[in-house]
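Novice: Chains as they are written, first to last, in my numbering: chain A, 12 to 299; chain B, -6 to 221. Where is the CB? At the ideal position from N, CA and C, for every residue including glycine. My structure is below; once you've seen it, I'll send some questions.
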């Protein structure tokens, strides 16, 4: 097996394409966000299909219009959101495991369901590691997204899948749910009983203010709590702002915050949130 | 003695029911040291805030054992360092665009405001908000200013600002609701350095007034800050 360094070139990209692994651990004490794939279930799955390590770097694609050219053979896998996928301009049915030959051009078109696609590659993308992770993050890595002309290194390999028996279907069922599992956050008990009730009974809509840092929900919740001393927050922390807005913090969120931390989402629910789009509706279900 | 709250099976928080202070910081840093020394192989990450320390655990069992034995741990206070970092700041309206409005709000001259801000000595409690952003206590009460109701879309890196009862330096460009009173030419965060910040929680910071000529010189030749 040859392990020569090969190059993938981005020919076109919408905003919000980045390289991600499982994130940067142990550096929050310097104010550095965790980062890492927003939907780690899909990230880990594309790596698994390639017999990669779970932390190997994948491409996170959050807009249609990515066109990427590979200069050498390898295998790539896709999971997460579904989209129209073309290889050398021919649409692929069930584009989960795609053998790549030298000079192949892969195109991610219109999204069908979900918000983020993960493109895994045999042995992972070989970009620079900063503070223990390849994940893009503003202020930490040189770029925060990929655009036309950018190149990414990978390792040339055979276009035969290492895991021939794994016939993977591209399922989106798991994130097509409006129920989000949450656990009471450190400041949940400060909430007035009526507010708690509203939080758990009402449904909420994803607003257009949604990115890798977090998602703001459209509906307001009555809030009389003051701002609290700034304390740690995590991906999955739900904050209630002074204005009554609910903020669901995600992978690139700041590491500390002063708004009451009323809920903490469980892991699976974070991956579900990563696949939600503006206008989608959700309900919080409390698990004690 | 802190209270321990389990949040998820792998996440919990030590919390103190007292306002932020040097005395509390001594206790918190004592716990940080204890956790790093005695529990490092069982934790993924520690995060510190003004009144809490969050612990991400590798296994639910570790968290249960820690919680059950909390009262048995003998954790000593960490004596706060006597290091003071001197940070040059140019407080001229060209760099501190909100100096005028701040002086109006507080009914003092810009000079009085600048003298108050640069005479104080601030304590670093922790880093958060942005990579390399220091949470500082010690802002003179006369300078407390509610945050802007409409945040500025972009605040320049190096901006020295006041928001609520806090002051800070923006290590990188960011939207923000704080009032900008000056510019500091020191690099606050370098992802390629180990560690990526030069100060540590418990250290102190003092701002030294420099004029715009000096600022420009320092910007061309950024250097590591001095400490005493």
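#1: What residue from 49/B, 82/B, 95/B and 117/B has the CA that sits closest to residue 76/B's CA?
#2: Give a yes or no on whether 8 Å exceeds the smallest Cβ distance from residue 117/B to chain A.
#3: Contact between the segment 121 to 134 of chain A and the segment 84 to 98 of chain A: three or more CB pairs below 8 Å?
#4: Less than 7 Å separating the Cβ of residue 28/B from some heavy atom of the ligand SAM?
#5: Do you know offhand how far residue 64/B's Cα is from residue 174/B's?
#6: Please report the residue range of the alpha helix (DSSP H) in which residue 208/B lies.
#7: Should residue 10/B be labelled buried (16 or more other beta-carbon atoms within 10 Å of its own) or exposed?
#8: Kindly give me the distance between the Cβ atoms of residue 23/A and residue 78/A, rounded to whole angstroms, as I take these residues to be in contact under 8 Å.
#9: Name, going along the chain, the residues of the segment 225 to 245 of chain A whose beta-carbon falls closer than 9 Å to a beta-carbon of chain B.
#10: Short check: CB of residue 22/B to CB of residue 71/B, under 8 Å?
#11: What are the residues of the segment 38 to 53 of chain B that lie near chain A, defined by any Cβ-Cβ distance shorter than 8 Å?
#12: What residue range does the alpha helix (DSSP H) around residue 15/B cover?
#13: So is residue 12/A buried or exposed if we call it buried at 16+ other beta carbons inside 10 Å?
#14: Indicate the three-state DSSP secondary structure (helix, strand or coil) for residue 65/A in the structure shown.
#15: What does residue 1/B touch in chain A if you count any residue whose Cβ is under 8 Å from its own?
#16: So which residues on chain A does residue -3/B lean against when the C-beta distance must stay under 8 Å?
#17: Taking the alpha helix (DSSP H) that residue 53/B belongs to, which residues open and close that run?
#18: Could I get the ranges of all uninterrupted beta strand (DSSP E) runs contained in the segment 125 to 187 of chain B, with 3 residues as the minimum, in chain order?
#19: For chain A, is any of its Cβ atoms less than 8 Å away from the one on residue 121/B?
#20: Quick check: is the beta carbon of residue 170/B nearer than 8 Å to any beta carbon in chain A?
#21: Buried or exposed for residue 143/B, please, with buried defined as at least 16 other CB atoms from any protein chain shown within 10 angstroms of its CB.
#22: Strictly below 7 Å CB to CB, what residues from chain A border residue 190/B?
#23: Am I right that residue 34/A and residue 47/A are in contact with their C-beta atoms under 8 Å? What's the rounded C-beta distance?
#24: What does the Cβ neighbour count give for residue 212/B, buried or exposed, with the cut at 16 atoms within 10 Å?
#25: Give me the residue from 271/A, 169/A, 234/A and 230/A with the minimum Cα distance to residue 15/A.
#26: So, do the segment 196 to 213 of chain A and the segment 261 to 273 of chain A have three or more beta carbon pairs nearer to each other than 8 Å?
#27: Since I believe residue 247/A is in contact with residue 213/A (beta carbons under 8 Å), could you give me their beta-carbon distance rounded to a whole number of angstroms?
#28: Under 8 Å by Cβ, that's how I've got residue 236/A and residue 251/A pegged, so tell me the actual separation to the nearest angstrom.
#29: Would you mind stating whether residue 203/B and residue 82/B have Cβ atoms separated by less than 8 Å?
#30: Return the CA-CA distance between residue 201/B and residue 161/B, expressed in angstroms with no decimal places.
#31: Is it the case that the Cβ atoms of residue 84/A and residue 112/A are separated by a distance below 8 Å?
#32: DSSP three-state label for residue 29/A, please.
#33: Suppose you measure from the CA of residue 219/B to the CA of residue 192/B; what does that come to, to the nearest Å?
#34: Starting from residue 98/B, follow the beta strand (DSSP E) in both directions and report where the run begins and ends.
#35: Please report the straight-line C-alpha distance between residue 96/B and residue 106/B, rounded to a whole angstrom.
Specialist: This is what the structure gives:
#1: Of the candidates 49/B, 82/B, 95/B and 117/B, the one whose C-alpha sits nearest the C-alpha of residue 76/B is 117/B.
#2: no
#3: yes
#4: Looking at this structure, you won't find the ligand SAM or any other ligand, since it has none at all.
#5: 46 Å
#6: Boundaries of the alpha helix (DSSP H) around residue 208/B: 205 to 213.
#7: Flag for residue 10/B reads exposed.
#8: 4 Å
#9: 238, 239, 240, 241, 242, 243, 244 and 245
#10: yes
#11: 38, 39, 40, 41, 42, 43, 44, 45, 46, 47 and 49
#12: 15 to 31
#13: At residue 12/A the pLDDT is 49, less than 50, meaning the model places this residue with poor confidence; the figure from the coordinates comes in the next sentence. Residue 12/A comes out exposed.
#14: coil
#15: 194, 275 and 277
#16: Under the 8 Å cutoff, chain A gives no residues; its nearest Cβ is about 11 Å from residue -3/B.
#17: 53 to 61
#18: 127 to 130, 145 to 148, 152 to 156, 159 to 162, 167 to 169 and 172 to 176
#19: yes
#20: no
#21: exposed
#22: 41
#23: 3 Å
#24: exposed
#25: 169/A
#26: yes
#27: Not quite, the Cβ-Cβ distance comes to about 20 Å (not below 8 Å), so this is no contact.
#28: 7 Å
#29: yes
#30: Their Cα atoms are separated by approximately 14 Å.
#31: yes
#32: strand
#33: 11 Å
#34: Not the beta strand (DSSP E): residue 98/B falls in the alpha helix (DSSP H), residues 92 to 99.
#35: 7 Å
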